[in-house]
Every structure is written in C-alpha cells, then in structure tokens.
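**Student:**
Number of protein chains: 2
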Amino acid sequence: METIKTLLGHKTIRKYKNDPIDEKVLDEILNAGFRASTTGNMQVYSVIVSKDKEKRKELCKLHFGQNMVEEAPVLLTFCADFNRFNKWCKQRDADPGYDNFLSFFTAAIDALLVAQNVAVAAEAHGLGICYLGTTTYQADKLIEFFELPEGVVPVTTLVVGYPGEDPEQVDRLPAGGVIHQEKYTDYTPDDIDRIYREKESLPLTARLLEENQLENLAQIFTFKRYTKKDNLHFSRVLLDVLQDQGFMNQEDD
Amino acid sequence: METIKTLLGHKTIRKYKNDPIDEKVLDEILNAGFRASTTGNMQVYSVIVSKDKEKRKELCKLHFGQNMVEEAPVLLTFCADFNRFNKWCKQRDADPGYDNFLSFFTAAIDALLVAQNVAVAAEAHGLGICYLGTTTYQADKLIEFFELPEGVVPVTTLVVGYPGEDPEQVDRLPAGGVIHQEKYTDYTPDDIDRIYREKESLPLTARLLEENQLENLAQIFTFKRYTKKDNLHFSRVLLDVLQDQGFMNQEDD
C-alpha cells in the first residue's frame, strides 16, 4: 500500500538540491494539507511560503544557521492563526472569545495536523522534508520577520526540497515502549533499560559519546542538546509570545 | 498517486460499524505513526489504546457523550509524555530539565504529528477517523481515568473504526485565504468577505441558521459552539493541568 509505504519510509533530509519545486506540486501538497481535520472546520491556521533567496538567507540565521534553510527552495512556516477568524466574527457582529490559552492550543493542533499532511504529501512526491524545532524558540523573532499580527503564532516550520542525500533511516523505540493498553502503565527501571537498550547500543550513539566525551546518551540530551537553562529561557520566550499575541486572557470582561 | 488521493479524500466519520480492527492492521497504523518526525528523536509521546467496551462507555461520558466514542471499536489517546524520557535520564545520572512549558509544547508537537500519521494510515486501510477536541477540555478527568503520572498530558484523541456512514466531504476555505507569500498579508474587510463567501452560502449554513435562529454563521461559533465563557473555563483547566503535571517550572533551581 503506497500510503503506508510512504509513512513507514520517512527520513528527515538535511541536505537539499537547489532544484525548484513546480508550482503545481507545491499547490497539491498544500491542498492535501488543508484537508486535514480542523476543529469545528474553523481552519485556524495560516501557512507562510518562503521562496525568495534573500529571505531564506535571513531565515537561515533566525533558525540558528541550519544550512538547509538557505539551501532548500521552499520553507513553510505553519502558524496558529485566530486573526482571520476573529476579523470575520467582528465583521459579522459576533464577539470572538478566542484570546485565551485553549484557543491558542486548538489553533496549534490545527496547524500541526496540516503540517504533517503536507510532510506526507511532499514525501509522496519524492520531496524531502525537515521540521525545524527552532520555530518555537525564535517565535518572537519570526513574528517580527513575517509581520504576524495579534492572534498569530508560528508553531512549526517545514524545509521542503529535492533530497541531496540519502541517509539511513534512524531508530525508533520498540512500539511496546510507547503504547499503553486501556490505562497508563508506568515504567519500572527494568522497562526503561529494555526500551532504551537498542538505542543505547547503536554505532551512532557510540560515535556521539566519543565526540562529546560523555558517559551515556541521556547525558548528551541533558548536557548538550536540550539543556534545562535553554528550555527555561525558551519557555519564557514562548509564554511571552502567547501573552503578546493575545492568547493569555484569563478573565471574562 | 494513492497517498495524495488518501489525503485529499479525508472525511471525518461520526458513525461506526462495531466490526473490530484486526490486530495486525492496528499495529501497522500505529507503527506508521511512530515514523513521524520527532524532536531530536526523543519520541516524547505515548498512545493509550482503549478497546474494552466498559472503558469506552466511561470514556464516552468523559467526551461529552459523543456516541461514536462508545460505538467505534478503538479509541487512541495521544499524550505528550516526558515521564519515560525523564525516568531514563535519571536512571543514567543525567538531570532532566524538561519540567517547563517549552518541553510540554515540544512533546505536544511530537504527539500530534504521530496522531496525524495514524489518521492517514487508518484511512489508507479503509478505516474512518474522528478527532476529539474534548481531549484538552477534559484533560484533568482523562489524567485520572488513564492514571497518567507527572510529565504526561493528553493532547488529542482519535476515534477509529470501519465507517457506518458515507458523508459528503465538507468545505474548506479557498487555499489563497490561508496561504501567505514571504510575509503575512493582513486581511482587509473585502478579503474576509471573499474568503468566507462560499462557506456562508452553503446549504449546511442555511440549515444551521434556521436551527439556531441566528443571523449568520460567525454567531453560531461565538454564541453556541465555542463561547468565550467555555474557552476561558477550559483554558484554566488546561493551564492547571500543565502546572499539576509538572510543566510550568519557570525558574532555575
């Protein structure tokens, strides 16, 4: 089954050819995105398409200098967007009550389901994709860059282009380690050892430990990749962004 | 292209046959889910499978009595989950700094990308799906029901089963209304009228206005479906849940 094969064959691509993407192909993958489920059919999201070379160069800096952002022909920034819906409500004598955290999260879900449909559609077309986690870290700067009005917050970005590499598919935890039947069964120390065993014994892990001079893979995450200090800093950025973009009202007025 | 056809053909299903889903099919669609991109390959999510009839009856009540929750053979609850990862870090002498809002949002993105892959894989197998927005409204009650420990928050639910109906595909806004080129172009009153024109003139809209005795579609959203009062209430529930589940630390200790 082609669809299942596409899903099971996913690889993140970090090197791209600079071949452009045909307009018809880009339209088709975006339209496939917009068929994703959306809360109450509100479609509270927007997608910003970046193709301009100079703009991608600037975006590359904002995304911590990841080369592929400049290299790939298209960057898609997916935003939670209640601005359009709010404007519509106001224009129709309907008072929108969407300036709160639930509404932000609803819109973020909408945007993320679209993004994943776009990722799948792109791969079905032989394109490669990479998600940029830097989107939320740099939400304040991206808001400025894209001139996002109140009610709009970027939640994720897809780099899209023709693959310039064919990497090995990366590992995943055993399915049983992330599935729970009927209720959540908390993990014993033995469960944890078992679930992470394969990942810990990969050649890739051995190489990372060598490079980073650390004892084990978990320490690479906590000391290097996703540190407490950075997480706290970017949490404040993101919470401030939600406040500034009008999503933290907590009181009836 | 089968994949694009599957994506473009999506319809939300709200009536189900009670035919069970073959174990092999369920495994395949979940495994297709787990191939979705995940931040730093951390896989900070869990999926809870509900098949037990009594449990689904109780879940139906928690999801505001939507019949399909009891009717369909499988319910999948997707959770942002840093509990497993935190346990692994602690067991490896690595101090996890994932008790903050950024980490929650990262885990929520992970869980939502998996959910959408599962939705697509299910539809490729001829199954129907429906997302339940009630998951975040009732997050506190679902945490109790599934016995979710600290670090785990339910973010969405998929009802999955063989369709017992074949509804018309619902409308979407014109693609140009949700796509922006290079930067966000804010909407003029004319843009808003144009973007919402088709939706407002649908027979479905006419029927809803008749049933609800309201002037226009926007008012159905603000007065009936997603009211300010409800949104504020459920925002507080969700923010409290994030606090209680250990995702709102804002200070280095």
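The listed protein sequences correspond, in order, to chains A and B.
Note that the numbering used here has the first sequence beginning at -16, numbered continuously upward.
Note that the numbering used here has the second sequence beginning at -16, numbered continuously upward.
Note that the Cβ used here is the ideal one computed from N, Cα and C, for glycine as well.
These numbers come from a predicted model, not from an experiment.
From A90/A to L225/A, what distance separates their C-alpha atoms?
**Tutor:** Taking the first sequence and counting its residues from 1, one reaches residue 90/A at position 107. Taking the first sequence and counting its residues from 1, one reaches residue 225/A at position 242. C-alpha separation (whole angstroms): 12 Å.
**Student:** Let me check understanding here. Comparing Cα to Cα, which of V138/B, L192/B, N66/B lies closest to T171/A?
**Tutor:** For the purposes of this step, residue 171/A is identified with residue 188 of the first sequence, where counting begins at 1. For the residues V138/B, L192/B, N66/B, the minimum Cα distance to T171/A belongs to N66/B.
**Student:** Please state if the CB of A107/B and the CB of M(-16)/A are separated by a distance shorter than 8 Å.
**Tutor:** Translated into positions along the first sequence, residue -16/A becomes position 1. Translated into positions along the second sequence, residue 107/B becomes position 124. Yes, these two residues count as a Cβ contact at 8 Å.
**Student:** Anything in the region 74 to 95 of chain B with a Cβ closer than 8 Å to a Cβ of chain A? List those residues in chain order, please.
**Tutor:** Only those residues of the region 74 to 95 of chain B whose C-beta falls short of 8 Å from the nearest C-beta of chain A are listed: Q74, R75, D76, A77, D78, P79, G80, Y81, N83, F84, L85, S86, F88, T89, A91, I92, L95.
**Student:** Do you know how far the Cα of L141/B is from the Cα of E54/A?
**Tutor:** Numbered from its first residue, the first sequence carries residue 54/A at position 71. Numbered from its first residue, the second sequence carries residue 141/B at position 158. One C-alpha to the other measures close to 37 Å.
**Student:** Which residues in chain A sit within 8 Å of M(-16)/B, going by Cβ to Cβ distance?
**Tutor:** Looking up residue -16/B in the second sequence gives position 1. In chain order: E(-15), A107, H108.
**Student:** What does the Cβ neighbour count give for F47/B, buried or exposed, with the cut at 16 atoms within 10 Å?
**Tutor:** By one-based count along the second sequence, residue 47/B stands at place 64. Burial call: exposed.
**Student:** Output the distance between the C-alpha atoms of Y81/B and L215/A, rounded to the nearest integer angstrom.
**Tutor:** Residue 81/B sits at position 98 when you count from the first residue of the second sequence. Residue 215/A sits at position 232 when you count from the first residue of the first sequence. Computed Cα separation, rounded: 9 Å.
**Student:** Q196/B CB to nearest chain A CB: under 8 Å?
**Tutor:** One-based indexing of the second sequence puts residue 196/B at position 213. For Q196/B, the answer is no, since every Cβ of chain A falls outside 8 Å of its Cβ.
**Student:** Any beta carbon from chain A within less than 8 Å of L45/B's own beta carbon?
**Tutor:** Within the second sequence, numbered from 1, the residue matching residue 45/B stands at position 62. Output row for L45/B: interface = no.
**Student:** Excluding sequence positions up to five away, which residues of its chain have a Cβ less than 7 Å from the Cβ of I(-4)/A?
**Tutor:** Taking the first residue of the first sequence as 1, we reach residue -4/A at position 13. If we look at I(-4)/A and ignore the five residues flanking it on each side, its Cβ neighbours are G111, I112, C113, P146, E148.
**Student:** What residues from the region 11 to 33 of chain B come within 9 Å of chain A, judged by C-beta to C-beta, listed N to C?
**Tutor:** E11, I12, L13, N14, A15, G16, F17, R18, A19, S20, T21, T22, G23, N24, M25, Q26, Y28, S29, V30, I31, V32, S33
**Student:** How would you call K70/B, buried or exposed, if buried means at least 16 neighbouring beta carbons within 10 angstroms?
**Tutor:** Counting from one through the second sequence, the residue named residue 70/B turns up at place 87. Around the C-beta of K70/B, 16 or more other C-beta atoms lie within 10 Å, and the residue is accordingly described as buried.
**Student:** Any idea if P137/B is buried or exposed, counting beta-carbon neighbours within 10 angstroms, 16 or more meaning buried?
**Tutor:** What you label residue 137/B is simply residue 154 of the second sequence in a count that begins at 1. Buried.
**Student:** Got a sec: which bits of the region 161 to 173 of chain B sit with their beta carbon under 8 Å from any beta carbon on chain A, in order along the chain?
**Tutor:** V161, I162, H163, Q164, E165, K166, Y167, D169, Y170, P172
**Student:** At 3 residues or longer, what runs of the beta strand (DSSP E) sit wholly inside the region 9 to 91 of chain A?
**Tutor:** 28 to 33, 57 to 64
**Student:** Could you tell me which uninterrupted alpha helix (DSSP H) segments, each at least 4 residues in length, are contained entirely in the region 190 to 234 of chain B, listed from first to last along the chain?
**Tutor:** 211 to 227
**Student:** What residue range does the alpha helix (DSSP H) around C171/B cover?
**Tutor:** Your numbering for residue 171/B matches position 188 in the second sequence. The amino acid at residue 171/B is misidentified as Cys; the sequence shows Thr. Unbroken run through T171/B: none, as it is neither H nor E.
**Student:** On a CA-only basis, which of Q164/A, R177/A, V143/A, T168/A is nearest P157/A? Give me that one, please.
**Tutor:** Here the question's residue 157/A lines up with position 174 in the first sequence. The candidate whose alpha carbon is nearest that of P157/A is R177/A.
**Student:** Taking 8 Å as the CB-CB limit, is L222/B close to chain A?
**Tutor:** The residue you call residue 222/B lines up with position 239 of the second sequence. Yes, because at least one Cβ of chain A sits closer than 8 Å to the Cβ of L222/B.
**Student:** Tell me the DSSP bridge mates of V138/B?
**Tutor:** The sequence position of residue 138/B within the second sequence is 155, counting from 1. Per DSSP, none; premise fails for V138/B.
**Student:** Chain B beta carbons: is any one of them nearer than 8 Å to that of E41/A?
**Tutor:** Taking the first residue of the first sequence as position 1, residue 41/A is located at position 58. Not closer than 8 Å to any Cβ of chain B, the Cβ of E41/A fails to qualify, so no.
**Student:** Measuring CB to CB, does N83/A end up less than 8 Å from G16/A?
**Tutor:** Reading the first sequence from its first residue, position 100 is the one you call residue 83/A. Reading the first sequence from its first residue, position 33 is the one you call residue 16/A. No.
**Student:** Using the three-state DSSP reduction, which class does P186/B fall into: helix, strand or coil?
**Tutor:** Walking along the second sequence from the start, residue 186/B turns up at place 203. Assigned with DSSP and collapsed to three states, P186/B falls in helix.
**Student:** Using only the alpha-carbon positions, how far apart do K211/B and E193/A sit?
**Tutor:** Against the second sequence, residue 211/B aligns to sequence position 228. Against the first sequence, residue 193/A aligns to sequence position 210. C-alpha separation (whole angstroms): 54 Å.
**Student:** So which residues of chain B does Q99/A contact, with C-beta pairs closer than 7 Å?
**Tutor:** Residue mapping note: residue 99/A aligns to position 116 of the first sequence, counting from 1. Residues of chain B with a Cβ closer than 7 Å to the Cβ of Q99/A are, in chain order, A19, L96, Q99, N100.
**Student:** Using a Cβ-Cβ distance cut-off of 8 Å, determine whether K212/A contacts chain B.
**Tutor:** Position 229 of the first sequence, counted from the first residue, corresponds to residue 212/A. Closer than 8 Å to some Cβ of chain B, the Cβ of K212/A qualifies, so yes.
**Student:** Could you give the first and the last residue of the continuous beta strand (DSSP E) run that contains I(-4)/B?
**Tutor:** The count along the second sequence starts at 1 and reaches residue -4/B at position 13. Run containing I(-4)/B: none; DSSP gives neither H nor E here.
**Student:** Whole angstroms are fine: how far does the CA of E151/A sit from the CA of A201/B?
**Tutor:** Here residue 201/B refers to the residue found at position 218 of the second sequence. Here residue 151/A refers to the residue found at position 168 of the first sequence. Distance between the alpha carbons of A201/B and E151/A is about 49 Å.
**Student:** Using a Cβ-Cβ distance cut-off of 8 Å, determine whether G229/B contacts chain A.
**Tutor:** The residue given as residue 229/B occupies position 246 in the second sequence. Put simply, the CB of G229/B is far from chain A, with every gap to its CB atoms at 8 Å or more.
**Student:** Which bits of chain A does I175/B rub up against, with CB to CB less than 8 Å?
**Tutor:** Within the second sequence, numbered from 1, the residue matching residue 175/B stands at position 192. Going along chain A in sequence order, the residues near I175/B (Cβ under 8 Å) are R67, K70, W71, Q74.
**Student:** Have a look at L125/B, V135/B, V143/B, D154/B and flag the residue whose alpha-carbon is nearest the alpha-carbon of D247/B.
**Tutor:** The question about residue 247/B has no answer here: the residues shown for chain B are numbered -16 through 236.
**Student:** Under 8 Å between the Cβ atoms of A19/A and V135/A?
**Tutor:** Counting from 1 along the first sequence, the entry for residue 19/A is found at position 36. Counting from 1 along the first sequence, the entry for residue 135/A is found at position 152. Cβ distance not < 8 Å, so A19/A and V135/A don't count as in contact.
**Student:** Are F230/A and F87/A closer than 8 Å when you measure CB to CB?
**Tutor:** By one-based count along the first sequence, residue 230/A stands at place 247. By one-based count along the first sequence, residue 87/A stands at place 104. In terms of Cβ geometry, F230/A and F87/A form a close pair [threshold 8 Å].
**Student:** Under a CB-based cut-off of 8 Å, is S184/A close to chain B?
**Tutor:** Counted from its first residue, the first sequence places residue 184/A at position 201. False, the Cβ-Cβ gap to chain B never drops below 8 Å.
**Student:** Residues of chain A with CB under 8 Å from P132/B, in chain order?
**Tutor:** As a first step, residue 132/B is located in the second sequence; it is residue number 149 there, counting from the start. Per Cβ cutoff of 8 Å: Y167, D169.
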